[in-house]
Amino acid sequence: MNDPFSILVAGVGGQGNLVCGRVIAEATVLQGLRPVVGDTFGASRRGGSVVTHIRIGRQDWGPLIPRGEVDVLLGLEPVEALRAAVRYAGSRTIAIVSRTPMPPSNVLSGEQRYPAIENIEGGLASICKRVHMLDADPVFKQIGSTKVLNSFMLGVLSALEDTPLDPKNLKLALSNIMDSDIDLTAFDEGKTSLL
Amino acid sequence: MRETKHGTIMSGNEAIARGALEAGVGFCASYPGTPSTEIAAILFEVARELDVHVEWSTNEKVAMESAAAASWVGLPALCSMKSLGLNVASDFLLNLNLSGSGKGGLVIIVCDDPRGHSSSNEQDSRFYAKAAQIPLLEPSTYQEAKDVTKEAFRLSQKYEVPILLRSTTRLSHSRGLLQTSRVSTKKKRTGIIQERLYNVPSPHLRHRDLLEKMGKIAAEFEKFPFNIETNVKDMNLLLISSGISSLYAREAVQSYKSSRIGHVNLVSTYPLPRHHITELLQRVDRVLFLEENDPFLEDEIRSLSAEFEDIPYFYGKRTGHIPSYGEMNTDTVLNALSKLTGREMRKSDRSQEEFEDLIFDRPLTFCAGCTHRNFYWAIRTVKKRLGGKLVIAGDIGCYSLGVFYDEAMDTMQAMGSGIGVGSGLGQLQRFGFDSKVVSVAGDSTFFHACLPGLINARHKNADLTFVILDNATTAMTGFQIHPGSSEQKEDLRRVKISNLVEAIEPDFFTTGDATDIRALTNLLHSTVQREGLKVLLLDSVCRLEEVKRKPGYIGSRPVQIDESLCKGEKCKICAADFGCPALSWNSDANLPVILEYACVRCGACVAVCPHNAIKEGE
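If you read the sequences in order, they're chains V and D.
Numbering (this note's numbering) for the first sequence: 1 to 195.
Numbering (this note's numbering) for the second sequence: 1001 to 1618.
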């Protein structure tokens, strides 16, 4: 494992970004390692971009990931994933990104255009080592809620190789923090989505 | 706070609160403000169990005065606030320093916000420590945040001076692992009040006494255990850092892999441990300063070195090696190291321009159903009706988001500035100023800082309309209680805004309903056209607070689009201009869509459609 191992969660306010950070931090401690989790949550309830920086290691690392040093980019929204990738990702980054867009008001008004998902994927692919675009819509339909996206994406994260996090610890941390069956179901769906 | 067998995960703010509890804090007064709010909020959670008095005061000055009073009679006291709050409290602080803070101990926490993530400026509050000549401490990790807070109480109790402990956003709002000690269970009792808690008739002698105490504290700082040196034996470059910058400095040094870079993490940053620093500087000829906001340490140490025979080369914000604005991060430190050593660090440098077409801004908006949107929609309509002759002086709160709402707000500075600015503009008619003036404030801001401005406007007969958007909570920072909140705890008594306004006797005073856009627009229009001082108290709703009080609550009547009446792309006022996050646009169908998962069924958009195509009901 790289020490630090760095995970960046990128999304929009209200998508459960902060919960992702909490779950990963707790899983890290269960693993016997030290987490540092940097949140920006001023905009979290008001539709703005939200990123959470997670550093995992044997010491306290800085709460912001240096440029190019993201190991896993966990994208809860396509454009937000690309925005974060441009600033922080690099040739060692594995991106796992939800395909479902959250268009802001200036896109709805026609002032801006939401780009084609293929173009976002292409951008991510040119920056990162590997990109997995994921469709969580069937899981939302099955579960009956879109609020489990973060748990689904944590499940996807747990299936990646070469991370310091044991899938069992991630799931245990999720159940400690969320204590909800639908989140655990979404986690399991995410875990098998890369197969 | 989540305890595990390896330690507890806490944010910097949680760690500060924990440190205060371990030190036996008995009294905490605060006014909420990002990124400081959680400190007092956490103490609230344990207030009853641990017998701590915790209050949200009306503003930071009142908070500091109350906390000092507690310390004067022997209770350990904490006063936490954001950067801008210290401006409000500074008048008292620059007197309290001379009077002394008593035996209880008083620790003032200030959380600065470099980059202004949640602030209207990026001020460096450390200068208040220098202005007041009081000790300044800057923890750099979660463990230090807790331990240094405890140490701050010890110092304050020993020397009877207030201690300023400074954090910044990235320490306050990030989390890490730390080891806790036991919370103090010492019985808290007050003693008698100390004598001579005033500075007259000889403030200069009080000043002399304070300087004497500061000399003793400086001597303690020479051996301060939190000022940690790394690799200073055989160095050719020394990094001096404080606060969260110390973590970035350490990370940069480790990834730079040079054995000749030394580092000192300075936690006691005022007064400087002069001998300690002098001794370090004599061993090196180049020094790089790493700190958030202004070159505070850099200037202090530059000034100290004027006494040296051999002055090292200093690098930092003064030399452009570190940017003078914005936040610090590891890349900034690495860039400075590259400049100084001539050794480039490998960085995959993807230019933003390559992807610019794909990435758009994501402006902040009012929440779905927020009545502040209704107000700005209405005021924008009134402004159009008046041919643009309307100036809106805004204030600090959720409704500050009005700056993102078209041109619905003209000014926005400090807490209470809306009414103060309005009071000035409202007296300029004889010089030819011919716009109508509207000042805006929220309910918590009204209590915090609006009364002097409103009284001034009354006394001087200013011509303006003061609109109070009263949602009965401090919404921006997470629903803290304030004197006007509709639901009060049992030992608190509500102070009604309407009673205060009536006492000031405006020329016109009425209340209105911010959920009804049509009525609100007409009320605003008729009110601003009246002469004199007008006050409108608008009954407003915070939907987040509503959901908190009534979980799962939404209105009963779903909002629907009547496709036969909608004019589609040709109109699009609802989606393009009104800007509710629950109202989206379906480009394929050329129609608006109500997003059921986000809609709170407030029905505000019904009034926005000029073709009556938005309807309520099954």
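Think of the CB as a built atom: it goes at the ideal place given N, C-alpha and C, for glycine as much as any other residue.
Cβ pair residue i, residue j closer than 8 Å
i: G1024/D; j: S1181/D; result: no
i: V1421/D; j: A1457/D; result: no
i: V1267/D; j: K1213/D; result: no
i: H1117/D; j: S1011/D; result: no
i: A1252/D; j: L1340/D; result: no
i: L1178/D; j: Y1142/D; result: yes
i: G1478/D; j: P1032/D; result: yes
i: C1574/D; j: V1608/D; result: yes
i: T93/V; j: V70/V; result: yes
i: S1057/D; j: S1066/D; result: yes
i: L170/V; j: A27/V; result: yes
i: S1486/D; j: A1472/D; result: yes
i: D1463/D; j: V1437/D; result: yes
i: M1415/D; j: H1372/D; result: no
i: L73/V; j: A125/V; result: no
Residues sharing a beta bridge with residue i, DSSP
i: K1436/D; result: L1390/D
i: F1508/D; result: K1534/D
i: F1314/D; result: V1287/D
i: T1341/D; result: For T1341/D, which the question treats as bridged, DSSP gives no partner whatsoever.
i: D1655/D; result: This structure leaves residue 1655/D out entirely; chain D is present only between 1001 and 1618.
i: G1262/D; result: L1238/D
i: Q1429/D; result: Paired residues: none, contrary to the question.
i: I1163/D; result: V1107/D
i: H1448/D; result: For H1448/D, which the question treats as bridged, DSSP gives no partner whatsoever.
Under the three-state DSSP convention, the category residue i falls into
i: M1328/D; result: coil
i: H1276/D; result: helix
i: K1615/D; result: strand
i: M133/V; result: strand
i: V1528/D; result: helix
i: C1111/D; result: strand
i: T1371/D; result: helix
i: Q31/V; result: coil
i: A1029/D; result: strand
i: A1041/D; result: helix
i: I1554/D; result: coil
i: S1080/D; result: strand
i: L1102/D; result: Looking at the sequence itself, residue 1102/D is Gly, so the reference to Leu does not match. In the structure shown, G1102/D sits in coil (DSSP, three-state: anything other than H, G, I, E or B).
i: T1008/D; result: strand
i: A1152/D; result: helix
Beta carbon proximity, residue i to chain V, threshold 8 Å
i: H1006/D; result: yes
i: M1001/D; result: Because the pLDDT of M1001/D is 49, which lies under 50, any placement of that residue in the model is unreliable, and the question is left without a value.
i: S1036/D; result: no
i: W1585/D; result: yes
i: Y1226/D; result: It is Phe, not Tyr, that sits at residue 1226/D in the sequence shown. Judged by the 8 Å Cβ criterion, F1226/D is not in contact with chain V.
i: H1173/D; result: yes
i: H1263/D; result: no
i: F1479/D; result: no
i: G1579/D; result: yes
i: D1331/D; result: yes
Reference residue i; option with closest CA among the options
i: L1281/D; options: G1320/D, I1240/D and G1424/D; result: I1240/D
i: R1530/D; options: K1339/D, R1543/D, V1232/D and P1506/D; result: P1506/D
i: L1425/D; options: F1127/D, V1200/D, S1540/D and G1453/D; result: G1453/D
i: G1555/D; options: C1571/D, T1515/D and L1533/D; result: T1515/D
i: D1406/D; options: F1366/D, A1441/D and Q1427/D; result: F1366/D
i: L1096/D; options: E1055/D, K1005/D, E1309/D and D1209/D; result: D1209/D
i: T1004/D; options: P35/V, V9/V, A10/V and V19/V; result: P35/V
i: W1585/D; options: G1007/D, C1599/D and E1569/D; result: E1569/D
i: P1114/D; options: K1146/D, Q1133/D and T1169/D; result: T1169/D
i: F1314/D; options: F1296/D, D1410/D, F1308/D and D1285/D; result: D1285/D
i: R1206/D; options: A1576/D, L1098/D, S1167/D and I1277/D; result: L1098/D
i: R1601/D; options: L1591/D, A1589/D and I1614/D; result: I1614/D
Proximity test, Cβ basis, 8 Å: residue i and chain D
i: A159/V; result: no
i: V79/V; result: yes
i: A125/V; result: no
i: P35/V; result: yes
i: N2/V; result: no
i: G38/V; result: yes
i: T100/V; result: no
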